[in-house]
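If you read the sequence shown in the numbering used here, its first letter stands for residue 33, the second for the next number, and so on. Ideal Cβ placement from N, Cα and C applies to all residues, glycine included. Below is one structure, written out as structure tokens; the observations come after it.
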Amino acid sequence: MRIRGGRLPVGRNAADPSGSGGSGGASESGASAGRTPDGGASGDGSAAGGPDCTGAGRLASPWTRAAALLLTGALPALTFPAPGLWWFAYGALVPWLLLIRTARSPRRAALDGWIGGIGFVIAVHHWLMPSLHVFIVLLAALLGLLWAPWGLLVSRLLGGSPSARRAVAAVVLVPSGWLLIELVRSWEGLGGPWGLLGASQWEVSPALRVASVGGVWLVSLLVLAVNTGAALLIAAPAARTAVGVALLVCALSVTAMWAWAPRPTSGGTVRIAVVQPGIVEGPGSVERRLDRGEDLTRSLAGRGVDLVVWGESSIGAGAWENPETARRLAELSRLVGADLLVNVDARQRDGSGRSGIFKSAVLVGPGGPTGDRYDKMRLVPFGEYVPARSLLGWATSVGRAAGEDRLRGDRQVVMTLPDGARGLRIGPLVCFETAFPDMSRRLVRDGAQVLVAQSATSTFQGSWAPAQHASLGALRAAENGRPTVHATLTGISAAYGPRGERVGHPLGTDASAAEVFDLPLARGETLYGRFGDWPVYGAFAALAALCAVEGMRALRRPAPGPPGPRARTAHGSPGRPGR
């Protein structure tokens with residue numbers, strides 16, 4: 033029997049987690065048509081990744097390919113504020129996915145994931161360069177390693193000519209792999225959950241509804257699913273119908289959440305004022321900022337506010353140690369007719385007797401500090417403490433790393449305002465704690481009616497950081513069905529209603545003003561508030577199922593037998609004479 037084309041189809045599609053064959057009956061295993069045993073392409077370039085594959089020839093140079101990967105990995109940064117191209121999030125990852133699928137080997141795919149991850153981390157955190165200098169490159173190189181296994185996953189599921197079943201599996205598994213990366217890098221020691229892809233959708237109403245069901249995690253999953261589907265529509269013509277159905281299911285799921293997910297019910301309004309002193313520089317700037325905060329607070333007299341919120345580190349060490357400061361704040365509270373939530377960055381002693389520098393949200397009433405105080409629990413690496421200071425302490429001489437480590441609080445606190453404010457319960461957060469979904473959820477479950485964040489992004493004025501930080505309040509509000517106030521020293525200060533909608537007018541980075549927000553209160557519990565981070569557990573389960581399928585397939589694969597006897601010819605030939 034004559035075999036046309038010089039190849040014999042062997043076995044089933046080894047890259048297909050479903051076990052089904054590839055399209056058109058062609059195998060995609062290492063020995064199949066168009067692929068070499070190491071996962072690369074054969075000389076005819078018929079499979080993805082071959083030298084004649086579209087665009088692959090132009091990226092033959094390792095340096096050219098690395099530059100392309102850095103660029104494509106950085107593209108998602110454009111979806112966050114300040115550029116705010118939220119719509120671009122649904123295709124920003126497609127070029128990166130298409131590049132990874134052309135990898136000639138698993139090693140190359142992992143390298144593609146790592147290099148693209150470096151580009152992503154640098155782009156999303158580029159505003160830290162003035163503070164971290166060379167550390168931003170080191171940080172990106174270390175965090176970028178999280179994308180190396182994801183590169184392997186993408187190559188395995190999108191490489192070659194994916195079958196319909198493998199393409200549908202990719203729409204589920206590729207986003208699941210990305211979500212676990214977001215979960216791991218959300219650990220405070222790795223910088224926290226800054227730049228989660230779902231956070232780019234903070235002003236899109238359907239996305240905020242999705243956040244109320246599964247938090248920012250579910251939004252990330254859906255954004256990644258659309259990107260994966262778009263890449264498959266381009267690269268896998270045989271699977272387009274199946275991918276189209278999968279994307280339709282995603283769209284119908286969002287529609288169902290929009291229509292049937294529980295919505296917070298109205299519970300009246302509360303009037304909260306934000307005091308933003310603006311940029312105050314030069315000698316005595318800390319004292320002059322305090323004076324400016326006092327002047328702005330006095331302007332709120334007679335406006336019927338229930339609470340006045342100052343930004344992070346609004347009171348420095350010297351002022352807090354002066355008993356006169358407490359008297360001045362109490363006088364302000366009496367004048368305005370509302371408690372003040374200020375923020376102190378000073379050496380203090382906490383309830384357990386520890387002494388050191390704490391960043392604390394302190395409630396001050398007409399009689400002075402009420403005793404309600406929350407010490408910041410999750411600190412910014414290098415900005416507020418230096419990890420492994422004995423090894424990395426030299427960073428203080430290179431960038432703007434903390435000269436002395438701040439101490440952490442040991443519990444979250446819900447504060448209750450006096451009866452004049454109808455006993456309103458507020459949940460304070462400090463700085464980038466608004467990036468952690470679990471902290472806001474914990475406060476709401478403990479009874480907080482309003483989430484109040486105090487921040488200071490003055491170090492990063494002129495960058496994307498203030499706008500991106502302020503946008504997180506919309507997600508936390510939508511996730512928990514509670515209004516959120518984001519108060520800063522130098523902008524952007526903003527407020528959001530219980531559905532994540534913007535309330536009033538934000539104070540920009542050029543403003544020195546006091547703004548009053550009439551916030552709608554809400555009752556009820558969102559699905560995210562009730563069930564928590566269930567999308568993360570679903571992603572774990574999906575990847576565990578993939579590992580189980582691959583493990584069982586490996587066990588069923590017959591072990592290679594001993595080599596057979598050497599082949600002999602009947603009559604011999606010039607190359608192999610007979611015996």
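Going by C-alpha distance, which of the options is nearest residue i?
{"i": "residue 228", "options": "269, 213, 241 and 167", "result": "213"}
{"i": "residue 394", "options": "518, 411, 410 and 446", "result": "446"}
{"i": "residue 190", "options": "128, 242 and 159", "result": "128"}
{"i": "residue 303", "options": "449, 270, 507 and 103", "result": "449"}
{"i": "residue 540", "options": "490, 533, 569 and 557", "result": "490"}
{"i": "residue 211", "options": "588, 570, 585 and 234", "result": "570"}
{"i": "residue 174", "options": "355, 260, 216 and 562", "result": "216"}
{"i": "residue 263", "options": "202, 308 and 527", "result": "202"}
{"i": "residue 156", "options": "441, 462, 106 and 585", "result": "106"}
Apart from the five residues just before and just after residue i, which ones in its own chain have a Cβ nearer than 7 Å to its Cβ?
{"i": "residue 144", "result": "101, 131, 132, 135 and 183"}
{"i": "residue 120", "result": "110 and 111"}
{"i": "residue 298", "result": "552 and 554"}
{"i": "residue 368", "result": "329, 332, 333, 337 and 340"}
{"i": "residue 381", "result": "387"}
{"i": "residue 113", "result": "496, 499, 500 and 503"}
{"i": "residue 312", "result": "320, 321 and 324"}
{"i": "residue 98", "result": "147"}
Within the same chain, show all residues whose beta-carbon is closer than 6 Å to that of residue i, passing over the 5 residues directly before and after it, in chain order.
{"i": "residue 467", "result": "224, 225, 226 and 504"}
{"i": "residue 519", "result": "306, 341, 343, 486 and 525"}
{"i": "residue 86", "result": "Confidence is the limiting factor: at residue 86 the pLDDT is only 44, short of 50, which leaves the residue's position unreliable, though a coordinate-based value still follows. Closer than 6 Å at Cβ, skipping near neighbours: no residue."}
{"i": "residue 75", "result": "Residue confidence for residue 75 is low, a pLDDT of 35 falling below 50, so the modelled location carries little weight and cannot support an answer."}
{"i": "residue 123", "result": "262"}
{"i": "residue 268", "result": "194 and 199"}
{"i": "residue 406", "result": "393, 445 and 460"}
Do residue i and residue j have their C-beta atoms closer together than 8 Å?
{"i": "residue 480", "j": "residue 459", "result": "yes"}
{"i": "residue 529", "j": "residue 547", "result": "no"}
{"i": "residue 339", "j": "residue 370", "result": "yes"}
{"i": "residue 439", "j": "residue 492", "result": "no"}
{"i": "residue 348", "j": "residue 377", "result": "yes"}
{"i": "residue 581", "j": "residue 549", "result": "no"}
{"i": "residue 118", "j": "residue 285", "result": "no"}
{"i": "residue 510", "j": "residue 243", "result": "yes"}
{"i": "residue 531", "j": "residue 296", "result": "yes"}
{"i": "residue 258", "j": "residue 469", "result": "no"}
{"i": "residue 152", "j": "residue 108", "result": "yes"}
{"i": "residue 93", "j": "residue 310", "result": "no"}
{"i": "residue 527", "j": "residue 240", "result": "no"}
{"i": "residue 558", "j": "residue 207", "result": "no"}
{"i": "residue 104", "j": "residue 308", "result": "no"}
{"i": "residue 187", "j": "residue 115", "result": "no"}
{"i": "residue 282", "j": "residue 256", "result": "no"}
Going by the DSSP bridge assignment, what does residue i pair with across the sheet?
{"i": "residue 486", "result": "462 and 519"}
{"i": "residue 342", "result": "307"}
{"i": "residue 375", "result": "393"}
{"i": "residue 380", "result": "388"}
{"i": "residue 412", "result": "Looking at the DSSP assignment, residue 412 forms no beta bridge with any residue, so it has no partner."}
{"i": "residue 551", "result": "302"}
{"i": "residue 400", "result": "397"}
{"i": "residue 528", "result": "516 and 534"}
{"i": "residue 405", "result": "394"}
{"i": "residue 448", "result": "457"}
{"i": "residue 170", "result": "According to DSSP, which records beta bridges pairwise, residue 170 is partnered with nothing at all."}
{"i": "residue 347", "result": "376"}
{"i": "residue 297", "result": "555"}
Run the CB neighbour count on residue i, radius 10 Å, all protein chains shown included, and call it buried at 16 or more, exposed below.
{"i": "residue 353", "result": "exposed"}
{"i": "residue 273", "result": "exposed"}
{"i": "residue 287", "result": "exposed"}
{"i": "residue 55", "result": "Model confidence at residue 55 stands at a pLDDT of 40, short of 50, so the residue's coordinates are unreliable; what they give is reported in the following sentence. When all chains shown are included, residue 55 counts as buried."}
{"i": "residue 61", "result": "For residue 61, the pLDDT reaches just 37, beneath the cut-off of 50, and the residue's location in the model is therefore unreliable, leaving the point undetermined."}
{"i": "residue 198", "result": "buried"}
{"i": "residue 125", "result": "buried"}
{"i": "residue 335", "result": "exposed"}
{"i": "residue 219", "result": "exposed"}
{"i": "residue 542", "result": "exposed"}
{"i": "residue 177", "result": "exposed"}
{"i": "residue 587", "result": "exposed"}
{"i": "residue 366", "result": "exposed"}
{"i": "residue 171", "result": "buried"}
{"i": "residue 149", "result": "buried"}
{"i": "residue 141", "result": "buried"}
{"i": "residue 384", "result": "exposed"}
Below 8 Å CB to CB, which residues in the same chain sit around residue i once its five sequence neighbours on both sides are set aside?
{"i": "residue 399", "result": "362"}
{"i": "residue 301", "result": "550, 551, 552 and 553"}
Please check if any C-beta of chain B sits within less than 8 Å of the C-beta of residue i.
{"i": "residue 322", "result": "Protein chains in the displayed structure number just one, and chain B is not present."}
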